[in-house]
Each structure stands twice: as structure tokens, then as C-alpha cells.
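Beneath this line is the structure, given in C-alpha cells, with notes to follow.
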Amino acid sequence: MKIIVLGSLGNINRYYLPRLIADGHDVTVITSSSDRIADIEALGAKSAVGSNRDVDFLTRAFTGRDVVYLMISGINPTSGIDMWQSAIELSEIYKTAVQNSGVKNVVNLSSVGADNPNAGILYSYHFAEDALNSLVGVNVAHIRPGGFYSNLFADMQSLKTMQTLFSPVSDNIAHGWVSPIDIADVAYALICHTPAGKSAKFVVSDWATGNDWLQALAENGIEAKYQQIPVEALVENMIKLGFHEDTANRFAQMSRAGESPDEFYASLRATDYHLGKVKLVDFAKVFAVAYKGERR
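Here it is in C-alpha cells:
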């Protein structure tokens with residue numbers, strides 16, 4: 001098949017691209033930087049350099065492909081950009097490019113919460129889902145992962161300076177965490193065989209509470225305590241870091257929604273979601289290596 005993917009050689013793509021290439025597929029990787037061309041071609045893929053906001057470029061890139069893999073990307077939240085508005089804009093660009101190119105199979109990286117209006121910033125992913133689902137005659141499979149383990153690297157500084165994890169979420173509430181390795185397994189399967197019609201597949205690697213994270217860190221020699229903070233403090237800190245005020249408030253709403261996990265994960269638990277193989281204890285080892293200043 002002729003396959004084209006957004007996301008360059010990012011955390012997810014780098015795990016499934018070699019598998020697609022080894023299978024003999026004709027793979028093209030879209031990147032915004034010509035600096036990545038050599039690495040992409042070294043894998044055995046082709047490169048297409050351009051912006052995911054350029055609908056004409058995307059239309060040309062998608063034309064003649066059997067499958068396209070999409071994601072909302074290229075948004076730097078600390079630049080003050082409104083992530084909600086950016087998601088709306090990118091969703092319409094992707095819809096137009098798919099429609100104009102004639103591609104018939106789309107795999108879209110979405111998120112848990114995309115179907116939940118109470119999920120704060122995560123609900124912004126519904127814009128892409130809705131836009132792509134409106135396309136007639138196009139098979140669309142959405143991947144809805146839980147929270148990325150990599151988000152926990154945000155704890156690094158406070159662990160080193162205060163031996164404390166700060167979070168607006170209670171330490172005894174289990175949330176779904178996910179590794180890019182497990183997302184890549186799902187992406188690979190859906191790209192190879194995109195289901196007919198419109199569908200969604202949730203992905204979770206492990207279920208874990210804040211206390212579980214503390215224990216996993218302790219097992220790797222990192223002792224810490226957990227301190228829940230008001231969501232208002234989260235908003236204030238995010239704005240100081242350069243987040244758009246509306247974006248910060250939507251992250252706060254996501255945290256509020258996370259305090260009611262039965263409702264937050266209702267859609268996920270009602271499906272045969274993909275339970276991955278990379279557990280919290282596995283990620284804790286990776287985190288500990290970074291914490292101790294060793295190479296990851």
C-alpha cells in the first residue's frame with residue numbers, strides 16, 4: 001500500500017514506521033523540517049517537507065495514497081496559542097485535504113475525552129473526529145489513548161528540588177496511562193487494515209493512581225511525597241509559563257473531570273479497549289534513568 005503519515009519521526013511514528021517499511025509498503029513521512037529528511041530516508045521511507053497548515057501541500061501529498069495517518073500537531077502551548085482554536089483550524093484543513101485528495105482510509109490520533117464535553121482540553125479532539133466523520137465514502141479510525149507517560153516528566157523539577165509531586169488530581173484515583181509503544185501497535189494494525197466506516201479504538205497501557213506513581217518511583221530510589229494543589233494554582237502556573245488563558249482553564253477542567261473517573265472513562269470501559277504491555281513500573285525505570293542524569 002501507499003501510506004503517508006503526519007508526525008515526522010515522533011514518539012509514536014518511530015515505533016511503527018519500521019514495521020510498515022519491513023512489510024514492503026510505500027511509506028511517505030510528512031515533516032516540517034528538512035533536517036529530518038536524511039533520518040526518514042535512512043529508514044527506507046520517502047519524505048515530504050511542508051506545513052500541516054498548508055491545505056494545498058497536504059492535498060498533493062495525500063493524493064494517490066491508500067491510507068493517511070493524521071494527528072493534531074505543531075502546537076506549542078507555551079507560545080500563548082489558543083489550542084482549542086488551533087484544533088478547530090487544523091481539523092478543517094485535514095478534512096479538506098482528505099476530501100480533495102480522494103484518499104479513502106484515514107487513521108487519526110485522537111484522545112480519551114474526545115467524546116466527552118466535560119473533559120476540558122481533551123474535548124478539543126472532537127473537532128477532528130467530527131470533521132473526518134462527516135466525509136462520505138471515507139473509512140476513518142480514531143485512536144483514543146489515555147494520558148501519556150511522558151507527561152510525568154513534568155514532575156522532574158519538583159522532585160529534584162522539593163521531593164514532591166504536585167497535582168490537582170487526588171492521589172487515590174486511578175487513571176489510564178499509555179506508552180507510545182502501545183499506541184504504535186494500534187496505529188500499525190489500523191493503518192494496515194482500516195475498518196470500514198467510522199470507528200474509535202481506546203488505548204491504555206496501565207491503570208495507576210498518584211500513590212502508585214510514588215511507589216514506582218520509590219522502587220527506583222526516588223523518594224517523594226504527593227501534594228494535591230487547587231486547580232486555580234494550576235491555571236496560574238500555566239499562564240506564567242506562557243499558556244493562553246483559555247487553554248489553561250480547559251486544562252483545569254480536564255483535571256476536575258478526572259476527579260470523577262467513572263464518568264471520565266465511561267466510554268472507554270464500555271469498549272474492548274487495547275490494554276498495552278508497557279506498565280507504570282516499566283516507565284518508572286526510564287524516568288529514574290533520566291532523573292539520575294543517565295542516558296535514556
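Here UniProt numbering is used: the first residue of the sequence shown is 1, the next is one more, and so on.
Cβ atoms here follow ideal geometry from the backbone N, Cα and C, with glycine treated the same way.
It should be emphasised that the depicted structure is a prediction, and the values quoted were computed from it without experimental measurement.
Asked                                                                                                                                                                               : Found
Give the straight-line distance between the Cα atoms of Cys192 and Val68, rounded to the nearest whole angstrom.                                                                    : 11 Å
So the beta strand (DSSP E) Ser199 belongs to, where does it begin and stop?                                                                                                        : 198-204
In the DSSP assignment, what residue or residues form a beta bridge with Leu109?                                                                                                    : Met71, Ile143
Can you name, in chain order, every residue of its own chain whose Cβ lies under 8 Å from the Cβ of residue 297, other than the five neighbours on each side?                       : One cannot answer for residue 297 here, as it falls past the ends of the chain, which runs 1 to 296.
If we ignore side chains and look at the alpha-carbon of each, how far apart do Val136 and Tyr15 end up?                                                                            : 31 Å
To the nearest angstrom, how far is the alpha carbon of Asn118 from that of Ala61?                                                                                                  : 36 Å
Inspect the beta-carbon positions of Thr209 and Ala257 and report whether they are closer than 7 Å.                                                                                 : no
Is Ala48 near Thr28, with beta carbons less than 7 Å apart?                                                                                                                         : yes
Just checking my contact of Asp282 with Gln228 at CB under 8 Å: how many whole Å lie between their CB atoms?                                                                        : 26 Å between Cβ atoms; not a contact.
Kindly list the residues whose CB is nearer than 8 Å to the CB of Asn133, restricted to its own chain and excluding five residues on each side of it in sequence; keep chain order. : Val140, Lys198
With H, G and I counted as helix, E and B as strand and the rest as coil, what does DSSP make of Gln253?                                                                            : helix
Please list the terminal residues of the continuous alpha helix (DSSP H) segment that includes residue 300.                                                                         : The requested residue 300 is not part of the displayed model; the chain covers only 1 to 296.
CB-CB under 8 Å to Phe153, same chain, minus the five flanking residues each way: which ones, in chain order?                                                                       : Phe287, Ala290
Could you check where the alpha helix (DSSP H) with Ser167 kicks off and where it finishes?                                                                                         : From DSSP, Ser167 is part of no alpha helix (DSSP H) but of the beta strand (DSSP E) over 164-167.
For Leu241, which residues of its own chain have a beta-carbon under 7 Å away from its beta-carbon, when the five flanking residues on both sides are left out?                     : Thr78
Taking the Cβ atom as the reference point for each residue, do Arg144 and Ser110 lie within a distance shorter than 7 Å?                                                            : yes
On the DSSP bridge assignment, give the partners of Ile3 in chain order.                                                                                                            : Val27, Val67
Give the single residue among Lys292, His142, Phe251 whose Cα lies nearest to the Cα of Asn220.                                                                                     : Lys292
Which residues does DSSP list as the beta-bridge partners of Ala266?                                                                                                                : DSSP lists no partner for Ala266.
Once DSSP output is grouped into helix, strand and coil, what is the label at Gly176?                                                                                               : strand
When DSSP labels each residue in this structure, what does Ser47 get in the three-state scheme?                                                                                     : strand
Among the residues of its own chain, which have a CB less than 6 Å from the CB of Ala252, if the five just before and after it don't count?                                         : Val231, Leu234, Val235
Near His25, what residues of its chain come up, given a Cβ to Cβ distance below 7 Å and the 5 sequence neighbours on each side ignored?                                             : Met1, Ile3
Am I right that Val186 and Val169 are in contact with their C-beta atoms under 8 Å? What's the rounded C-beta distance?                                                             : Rounded, the Cβ-Cβ distance is 25 Å, inconsistent with contact.
Could you spell out where the beta strand (DSSP E) holding Lys225 opens and where it closes?                                                                                        : 225-228
Our contact map puts Trp177 next to Leu280 with C-beta atoms below 8 Å; I'd like the distance itself, whole angstroms only.                                                         : 6 Å
Since Leu275 sits in a beta bridge, which residues does DSSP pair it with?                                                                                                          : Val204
Can you tell me which of the three DSSP states residue 297 falls into?                                                                                                              : Residue 297 falls outside the range modelled here, since the chain spans only 1 to 296, and no answer is possible.
Beta-carbon within less than 7 Å of Ser73's beta-carbon, same chain only, minus the 5 sequence neighbours each way: which residues are those?                                       : Leu6, Gly7, Asn52
To the nearest angstrom, how far is it from the Cα of Gly50 to the Cα of Leu70?                                                                                                     : 14 Å
Using a Cβ-Cβ distance under 7 Å, would Lys201 count as near chain C?                                                                                                               : Of the chains in the structure shown, none is chain C; there is only one protein chain.
Around the Cβ of Glu89, are there at least 16 other Cβ atoms within 10 angstroms (buried) or fewer (exposed)?                                                                       : exposed
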